Each structure stands twice: as structure tokens, then as C-alpha cells.
Amino acid sequence: MFHRFILLMLPVSALLAGPESAMKLVFEDDFKGDKIDGEKWSYNSKVVSLGTSPDGTGKATVVNLNIVSRGKPTLWSGSGLGCKFRQPYGYYEARLRMVQTGGHGCGMGFSIGAPAGKRFPSLSTGFGSGGGDGVGLSFSETTEMGGRRYNPSPNPVDMKGGVAYKRFNTFGILFTDKVLSWYINGRQVFRSDRSKSGGVPGQNVSMSFNHSLPEGGVLKSFPDPTLGPEPFQIDWVKIYKQP
Numbered sequence: 135m136f137h138r139f140i141l142l143m144l145p146v147s148a149l150l151a152g153p154e155s156a157m158k159l160v161f162e163d164d165f166k167g168d169k170i171d172g173e174k175w176s177y178n179s180k181v182v183s184l185g186t187s188p189d190g191t192g193k194a195t196v197v198n199l200n201i202v203s204r205g206k207p208t209l210w211s212g213s214g215l216g217c218k219f220r221q222p223y224g225y226y227e228a229r230l231r232m233v234q235t236g237g238h239g240c241g242m243g244f245s246i247g248a249p250a251g252k253r254f255p256s257l258s259t260g261f262g263s264g265g266g267d268g269v270g271l272s273f274s275e276t277t278e279m280g281g282r283r284y285n286p287s288p289n290p291v292d293m294k295g296g297v298a299y300k301r302f303n304t305f306g307i308l309f310t311d312k313v314l315s316w317y318i319n320g321r322q323v324f325r326s327d328r329s330k331s332g333g334v335p336g337q338n339v340s341m342s343f344n345h346s347l348p349e350g351g352v353l354k355s356f357p358d359p360t361l362g363p364e365p366f367q368i369d370w371v372k373i374y375k376q377p
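In terms of my numbering, the sequence shown opens at residue 135 and continues consecutively.
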């Protein structure tokens, strides 16, 4: 139907090597310091904090993107972490633990804006979770035909049994001039061939992590209203450059 957007779906069970083995590491942060590096990240310290390590050592190596109270039992504010590093193409990877509680969303997002002085082409993509097993990917593009958003059906991401929130998983997206590919734990779960639609814009990729709420910040469906929902957690981030 959409001849400009060709999706080739690959089974999650097919074991494929991640693309980073043939690329150069150009950015890395494992958050092992006593604070988040402001030279690398933009964030609000009132809602984003360091937490304890997932390996049980007690080291402050995890970033918590929190949902915080706005003064009323059901009224909350979300949080975000934006990476200041930019490059046009490459492989972007992060080890994340999604949320269990529904009613709010979290994820890893990317955007590539249109060239200076132009309206298109541009695109955005990423992984997102609405709680529980609900992890999926999306893709939006703006061309001379207007804006379109795609959500693959059926969803190629299988994380049943609480895999997304019970432990950390590695999520990655490969940007090239002709292809977008999505990876989970080193396995390619989806691929978009952009060669027939002009390729992927050659602008710098903007990467961010967000823990968001429904419009208005009203949230009721979590276990303890006095504490709020659990945080969306980031263990480390790596960015690779094509050779």
C-alpha cells in the first residue's frame, strides 16, 4: 500500500550479530560517576537521578527517569534525558529496563530533522513501552507527500512474560543512508529499506530517552499513589560510527 515505505520483517528468533562489531565506538557513558555528565546530557535534575547498579554492587550506575508528583495524588510530571552527541549515521545502542505499570510510557527515541531551510525529508523512530509486555517500534516520516506514521503489524517485538521490565535488555537502531534496522539483544527484529524513497536524511541524529504521561499528567493505575510509578532505567549508552 505504501510503496514509498518497504518493510522487511525478520523473525526475532533468527540470531544475527549486531552491527557494532564492524564499527568504531565514538560515544559511551555507563553512568559510573557520582553525577550525570552535563557535557554529554541535557536533563532536569529534579526528575532524573542516579540509582543503584543492576548488578547488586550498590554503585550509582543506573539513570532513573522518574515520574514525580505535582502536588496532588494523581497529578504527575514526566522526565527525559537528551544526548548532546550528534552524527548523521551509525549504530545507537542502550541497555534499558522498561516499566511494568501501565498508564504511562517510556522509551528510546530518535529524530533526524530536515536540512537547513527545508521542510523535508525528516524522520523519527524508536522503541517504546506502555507498561507490561507492551514494547514496540514506530516510524514517522515527512516528505513532499506529507507526514505519515507506521507501526508494524503484527508487532515484531516479543517480550512476553515480563522480559521488558524484569531485567535489562539492549535496544539498538542502525542508521545508514539507505536502511534503518532495529535490534534487541543483538538480534535484528525489523528492517526498513529506504532505497526506493530517497534514503535516510543525512542530518545529525538526535537521541533521547523519555518517561511520559497521558495528556494532563493524570495517572491513577499504579500500586502505591504515595510513591508513584517505578522509574524507567538506563544502564549504559553506546554510539558507533560506520567505518
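We treat Cβ as the ideally placed atom computed from N, Cα and C, and that holds for glycine. Given the structure is predicted, the values throughout are model-derived calculations rather than measurements.
| Item | Value |
| --- | --- |
| State the start and end residues of the unbroken beta strand (DSSP E) segment that holds K206. | 202-206 |
| Tell me where the beta strand (DSSP E) around K375 begins and ends. | 366-375 |
| Please determine, among N200, G265, E278, the residue with the shortest C-alpha to C-alpha distance to I368. | N200 |
| Measuring straight from C-alpha to C-alpha, what distance separates K169 and L184? | 7 Å |
| Going by CA-CA distance only, name the one from V197, I373, S179 that's closest to E364. | V197 |
| Within the chosen definition, does the stretch 285-305 reach the stretch 206-216 through at least 3 CB pairs nearer than 8 Å? | no |
| Which word fits S287, buried or exposed, when buried means at least 16 other C-beta atoms lie within 10 angstroms of its C-beta? | exposed |
| I373: buried (16+ other C-beta within 10 angstroms of its C-beta) or exposed? | buried |
| Using the DSSP secondary-structure output, state which residues sit across from S256 in a beta bridge. | T276 |
| Can you give the Cα-Cα distance for C122 and S187, rounded to whole angstroms? | No information on residue 122 is available, as it lies outside the stretch 135 to 377 that the chain covers here. |
| On the DSSP bridge assignment, give the partners of S245 in chain order. | S258, S340 |
| Pull up the distance between the alpha-carbon of L149 and that of N319, whole angstroms please. | Any reading at L149 needs caution, since the residue's pLDDT is 43, under 50, leaving its predicted position unreliable; the model's value is listed next. L149 and N319: Cα-Cα distance of roughly 10 Å. |
| Can you give me the Cβ contacts of A194 inside the same chain, cut-off strictly under 8 Å, excluding the 5 residues immediately before and after it? | F165, K166, G167, D168, L184, G185, T186, S187 |
| Would you tell me roughly how many angstroms separate the C-alpha atoms of L314 and G205, rounded to the nearest one? | 42 Å |
| Along the chain, where does the alpha helix (DSSP H) containing V291 start, and where does it finish? | Note, V291: premise wrong, no alpha helix (DSSP H); not H, not E. |
| Can we say the stretch 171-185 touches the stretch 213-222, given the rule of at least three CB pairs closer than 8 Å? | yes |
| F219 and M341 - do their beta-carbons sit closer together than 9 Å? | yes |
| So, at 6 Å on beta carbons, what are the nonlocal neighbours of V162 in its own chain, with the 5 sequence-adjacent residues on each side left out? | It is worth fixing the name first, because residue 162 is Glu in this sequence and not Val. If we look at E162 and ignore the five residues flanking it on each side, its Cβ neighbours are K372. |
| Tell me the residue span of the beta strand (DSSP E) that contains E378. | This structure leaves residue 378 out entirely; the chain is present only between 135 and 377. |
| Could you pull the DSSP bridge partners for V182 from this structure? | L199 |
| State buried or exposed for T191, treating a residue as buried only when at least 16 other CB atoms are found within 10 Å of its CB. | exposed |
| Please name the residue, chosen from E173, K312, Q376, S263, that lies closest to N289 on a Cα-to-Cα basis. | S263 |
| How should E173 be labelled, buried or exposed, when 16 other C-beta atoms within 10 angstroms of its C-beta is the threshold for buried? | exposed |
| Mind checking which residues open and close the beta strand (DSSP E) that includes S176? | 175-177 |
| Please work out which residues of its chain come closer than 8 Å, Cβ to Cβ, to T277, disregarding the five sequence neighbours upstream and downstream, and give them in chain order. | R138, F254, P255, S331, G332 |
| Between R229 and F366, is the Cβ-Cβ spacing less than 9 Å? | no |
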